[in-house]
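Data block below; observations after.
There are 2 protein chains.
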Amino acid sequence: MREKLPFTKKEYVQRIRRVKSLMQQRRIDVLIATDPGNMNWLTGYDGWSFYVHQGVIISLDEDEPIWFGRLMDRNAALIKCYMKEDNLYGYPEKYVQNLDEHPMTWIGENILNKKKWDKCVIATERDSYYYTAEAHFRLTATLPNANFINANNLVNWARGVKSTKEIEFMKIAGRITQKIHQRVLDVVRVGIPKSHVVSQIYETAIAGVDGYGGDYPSIVPLLPSGADASASHITWDERPFKKNEATYFEISGCYKRYHCPMSRTIFMGKPNQKYYDAEKALIEAIEAGLEQAKPGNRTCDIANAVDTVMHKYGIDRNGARCGYPIGVSYPPDWGERTCSLRATDLTVLEPGMTFHFMPGIWQADWGMEITESIYITDTGVETFCDFPRELFIK
Amino acid sequence: MREKLPFTKKEYVQRIRRVKSLMQQRRIDVLIATDPGNMNWLTGYDGWSFYVHQGVIISLDEDEPIWFGRLMDRNAALIKCYMKEDNLYGYPEKYVQNLDEHPMTWIGENILNKKKWDKCVIATERDSYYYTAEAHFRLTATLPNANFINANNLVNWARGVKSTKEIEFMKIAGRITQKIHQRVLDVVRVGIPKSHVVSQIYETAIAGVDGYGGDYPSIVPLLPSGADASASHITWDERPFKKNEATYFEISGCYKRYHCPMSRTIFMGKPNQKYYDAEKALIEAIEAGLEQAKPGNRTCDIANAVDTVMHKYGIDRNGARCGYPIGVSYPPDWGERTCSLRATDLTVLEPGMTFHFMPGIWQADWGMEITESIYITDTGVETFCDFPRELFIK
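Taken in sequence, the protein lines are chains A and B.
For the record, in the first sequence the residue sitting at position 9 is 8 according to numbering that gives the first Met the number 0, with numbers rising by one throughout.
For the record, in the second sequence the residue sitting at position 211 is 210 according to numbering that gives the first Met the number 0, with numbers rising by one throughout.
Set out below in structure tokens:
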């Protein structure tokens, strides 16, 4: 039984049009999108099935996209996607994690060759997470006369400007994010196991807000303390929070796969001056960056504004970017992997673009994050969350 | 500051020996492991950093493995890995999600070429999740004279037989799994939003058991109801549980990245006969499979025992396998992607092997799962969890 789509069919059709227009400009006949976020955005498909090979095929010759995946997951596509049943292809179970038989061989033979796309220019997402080297070899082997090129994240770029409804979902995610941070402030204290605080974060994240259930975020809560905060991506364990350590909480609520990350730092005890200096620098850097965040300016203008402030305070960010686009996504990343807020990035800002603006400081033996998710408006910028922008002390 | 390793250094050294022996047998000089589970098992590395390119390199020429990843994550490697600092390589920040500069170019030039491995047989994990087609192209372009071959999951196979300490971690994960299922039975009822139940699942999973904090599982809780249970991988939303529907809960606790999944089905209301029949068939199939699970028998012997029972009850499982190996892992999968419990699989069972044994039934408009995580002992088999094996009715 087909579910109500999260967006109108008209919105999906418009997305496909946008992608086809970009395909035509780049001389692509057939595009294969394997990034689960792209699959969702193009078709409505949503399921934890990206641990097997799957994708969406768009051809300039056909109105609707084609979904392919494991036969068992075709039932999920029937429930979630807007396309007609004929455009959903399931490969047999024997192709699942079988070293001798690869799903992409089946896809090449049963879809692309049968559709007579064997001499086309076919673009694949060559650096997207679930498109493995082997998938590429198996697929190309079935179509020796096709011209395979890199899609260079074409669909990710098409996703950059969000619709009103997408912004609405991100605002719900943002309200969940705020609720989580408030919960953290309520429960965190010296001596409490980190795993306990994370259990409360998850409880709050999934319970959601005002009747909107929370979805799983594409990155787990990150909350490194003390020297571990120099190593941003270490996850928690059962050891307790210690006195006189800073912990930053990089956390996102998620609603219908849309994210809205935000970070805040909590110091338990009495911080020394370097933390107050870093707080001051970060807040000023955020304000300077937001000043530059408006239509017509570029991503590098935001990055340069941040760098100028950091330079003034003598802080070296080791060339780290200070943000990236966000939206619909699946593990392992909530970013869109297109532009970055970085000094060399020339992307022009447009209304509806959304970023996690994160001028964090990661030094050899400590770190601090105060970050905001933002969207570009017709005249400037808004933050998704409304939460005190400060170093919290407990 | 280096942390205490989850396993003794001796155990890691022994693992590397096992891998090198397999490499030599297969005429591999250098192996590049990019599966985060393999990286953890080989070196102790653990972090949510697999959204950027990273890996572990093992050469027959060198004692220790080499870790490579983003410069920012090198700090995490310093804290988590047992190798000396010289064997940890971080690529500069400008290579992070930058379409013009690829980390694998840096790896090829700064590690493999400098070590003079440019004419070696180099094996990569060609179908592992985070080894993209582009990563392969960029890497091979830097070493035109090397002979690149597929590692065919060599490290995953080496992980098959677990150590005593690994089994101990899985037992802790199993205790968390039981605790979650008990929590589900306590809170689930008609009318309650599914997201609320999931929030309680996560709260319990991460709080852990007896002082052992829970880690994030590599697959989110799956709990499809009614017709959605035909589509196993659809995730939850805020809609409430309905009367007269079955829901199966496929859930794993996780401890230090080790998993122990188990599924149970709950019917809310009064089930019709088909559910009782399916329950009977599944329990009998599990008993028949466990009977075959002993050293010397093969994976196909378990699968055939299940199929015989299913056939007797007239249930068609559409060729789906009935289990897979489990252990240390990262999203998107808690399986090991080597053998399967499947009629064509000839893997010989050995003491210390661990499986999620899951003879689920997925039909066109309903589904049921009763599953167990198991380990092969010297004489037979044990289940990790001790939880009533039945269809629960509420």
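Positions of the beta carbon are idealized from the N, C-alpha and C atoms, including for glycine.
Computed from a predicted model, the values in this text were never measured in an experiment.
With a threshold of 8 Å on Cβ separation, who are the neighbours of residue i within its own chain once the five nearest residues in sequence on each side are excluded?
{"i": "Ser-194 of chain A", "result": "Trp-235, Asp-236 and Glu-237"}
{"i": "Ile-282 of chain A", "result": "Ile-369, Arg-388 and Glu-389"}
{"i": "Gly-334 of chain A", "result": "Tyr-323, Pro-324, Ile-325, Ser-328 and His-355"}
{"i": "Leu-184 of chain B", "result": "Ile-265, Phe-391 and Lys-393"}
{"i": "Met-38 of chain A", "result": "Ala-32, Tyr-44, Gln-53, Gly-54, Val-55 and Trp-66"}
Tell me the rounded alpha-carbon separation between residue i and residue j.
{"i": "Glu-100 of chain A", "j": "Lys-93 of chain A", "result": "8 Å"}
{"i": "Gly-89 of chain A", "j": "Met-71 of chain A", "result": "7 Å"}
{"i": "Leu-98 of chain A", "j": "Ala-150 of chain B", "result": "11 Å"}
{"i": "Asp-344 of chain B", "j": "Val-18 of chain A", "result": "43 Å"}
{"i": "Ile-250 of chain B", "j": "Ala-230 of chain B", "result": "16 Å"}
{"i": "Val-186 of chain A", "j": "Val-196 of chain A", "result": "7 Å"}
{"i": "Gln-199 of chain B", "j": "Ile-314 of chain A", "result": "42 Å"}
{"i": "Phe-386 of chain B", "j": "Thr-353 of chain B", "result": "18 Å"}
{"i": "Cys-80 of chain B", "j": "Thr-42 of chain B", "result": "5 Å"}
{"i": "Gly-288 of chain B", "j": "Asp-306 of chain B", "result": "9 Å"}
{"i": "Thr-376 of chain B", "j": "Pro-294 of chain B", "result": "7 Å"}
{"i": "Ile-171 of chain B", "j": "Gln-177 of chain A", "result": "33 Å"}
{"i": "Arg-182 of chain A", "j": "Leu-221 of chain A", "result": "15 Å"}
{"i": "Ala-363 of chain B", "j": "Asp-276 of chain B", "result": "17 Å"}
{"i": "Leu-111 of chain B", "j": "Thr-139 of chain B", "result": "11 Å"}
{"i": "Gly-36 of chain B", "j": "Ala-228 of chain B", "result": "29 Å"}
{"i": "Tyr-254 of chain B", "j": "Tyr-201 of chain A", "result": "17 Å"}
{"i": "Asp-300 of chain B", "j": "Tyr-374 of chain A", "result": "57 Å"}
{"i": "Leu-77 of chain B", "j": "Leu-87 of chain B", "result": "8 Å"}
{"i": "Ser-48 of chain B", "j": "Tyr-211 of chain B", "result": "23 Å"}
{"i": "Gly-46 of chain B", "j": "Met-169 of chain B", "result": "19 Å"}
{"i": "Val-208 of chain A", "j": "Gly-252 of chain A", "result": "10 Å"}
{"i": "Glu-2 of chain B", "j": "Arg-188 of chain B", "result": "44 Å"}
{"i": "His-310 of chain A", "j": "Trp-365 of chain A", "result": "18 Å"}
{"i": "Thr-203 of chain B", "j": "Ile-360 of chain B", "result": "27 Å"}
{"i": "Glu-381 of chain A", "j": "Glu-167 of chain A", "result": "13 Å"}
{"i": "Asn-296 of chain A", "j": "Glu-165 of chain A", "result": "23 Å"}
Going along chain A, which residues have a C-beta under 7 Å from residue i?
{"i": "His-232 of chain B", "result": "Gly-46, Trp-47, Ser-48, Asp-72 and Ala-75"}
{"i": "Asp-300 of chain B", "result": "Those within 7 Å of Asp-300 of chain B in chain A number zero; the least Cβ separation is about 18 Å."}
{"i": "Trp-361 of chain B", "result": "Met-71"}
{"i": "Pro-330 of chain B", "result": "Pro-330 and Pro-331"}
Determine the chain B residues that contact residue i at a beta-carbon separation under 7 Å, and present them in chain order.
{"i": "His-310 of chain A", "result": "Correct list: empty, because the minimum Cβ distance to chain B is about 17 Å."}
{"i": "Arg-336 of chain A", "result": "Gln-96"}
{"i": "Glu-93 of chain A", "result": "What sits at residue 93 of chain A in the sequence shown is Lys, not Glu. Going along chain B in sequence order, the residues near Lys-93 of chain A (Cβ under 7 Å) are Gly-318."}
{"i": "Ala-206 of chain A", "result": "Ser-194, His-195 and Ser-198"}
{"i": "Asp-236 of chain A", "result": "Gly-212"}
Beta-carbon within less than 7 Å of residue i's beta-carbon, same chain only, minus the 5 sequence neighbours each way: which residues are those?
{"i": "Asp-332 of chain A", "result": "Ser-217 and Ile-218"}
{"i": "Lys-118 of chain B", "result": "Asn-144 and Ala-145"}
{"i": "Ile-15 of chain B", "result": "Leu-41, Ile-57 and Pro-64"}
{"i": "Val-160 of chain A", "result": "Glu-349, Gly-351 and Met-352"}
Leaving out five residues on either side along the sequence, give the residues of the same chain with a beta carbon under 6 Å from the beta carbon of residue i.
{"i": "Ala-302 of chain A", "result": "Cys-321, Leu-340, Arg-341 and Ala-342"}
{"i": "Trp-156 of chain B", "result": "Thr-337"}
{"i": "Gly-34 of chain B", "result": "According to the sequence shown, residue 34 of chain B is Asp rather than Gly. Correct list, in chain order: Glu-124 and Ser-127."}
{"i": "Tyr-312 of chain A", "result": "Ala-280"}
{"i": "Gly-173 of chain B", "result": "Cys-259, Phe-383 and Cys-384"}
{"i": "Ala-304 of chain A", "result": "Ala-287, Gly-288 and Gln-291"}
{"i": "Pro-192 of chain B", "result": "Glu-237 and Pro-239"}
Quick one: list the residues of chain B neighbouring residue i, beta-carbon separation under 8 Å, in chain order.
{"i": "Asn-149 of chain A", "result": "Glu-133"}
{"i": "Leu-221 of chain A", "result": "Trp-47"}
{"i": "Arg-125 of chain A", "result": "Thr-131, Ala-132, Glu-133 and Phe-136"}
{"i": "Ile-325 of chain A", "result": "Correct list: empty, because the minimum Cβ distance to chain B is about 13 Å."}
Starting from residue i, find everything on chain B with Cβ-Cβ shorter than 9 Å and list it in chain order.
{"i": "Ile-27 of chain A", "result": "What Ile-27 of chain A touches in chain B: nothing, since even the nearest Cβ is about 16 Å away."}
{"i": "Ser-339 of chain A", "result": "Val-95, Gln-96 and Asn-97"}
Would you mind telling me which residues of chain A sit closer than 8 Å to residue i, beta carbon to beta carbon, in chain order?
{"i": "Glu-202 of chain B", "result": "Ser-198, Gln-199, Tyr-201 and Glu-202"}
{"i": "Ser-229 of chain B", "result": "Asn-74"}
{"i": "Tyr-215 of chain B", "result": "Val-219 and Thr-234"}
Pick out the complete beta strand (DSSP E) segments inside the segment 249–309 of chain A, 3 residues or longer, and give them in chain order. 257–267
Could you tell me whether the segment 18–27 of chain B touches the segment 1–9 of chain B, where touching means 3 or more Cβ pairs closer than 8 Å? no
What are the complete alpha helix (DSSP H) segments, minimum 4 residues, inside the segment 138–222 of chain B? 153–157, 163–186 and 193–206
In chain order, each alpha helix (DSSP H) run of at least 4 residues that lies wholly inside the segment 43–105 of chain A: 70–79
Enumerate, from N- to C-terminal direction, the unbroken beta strand (DSSP E) stretches of 3 or more residues contained entirely within the segment 318–373 of chain B. 322–324 and 353–356
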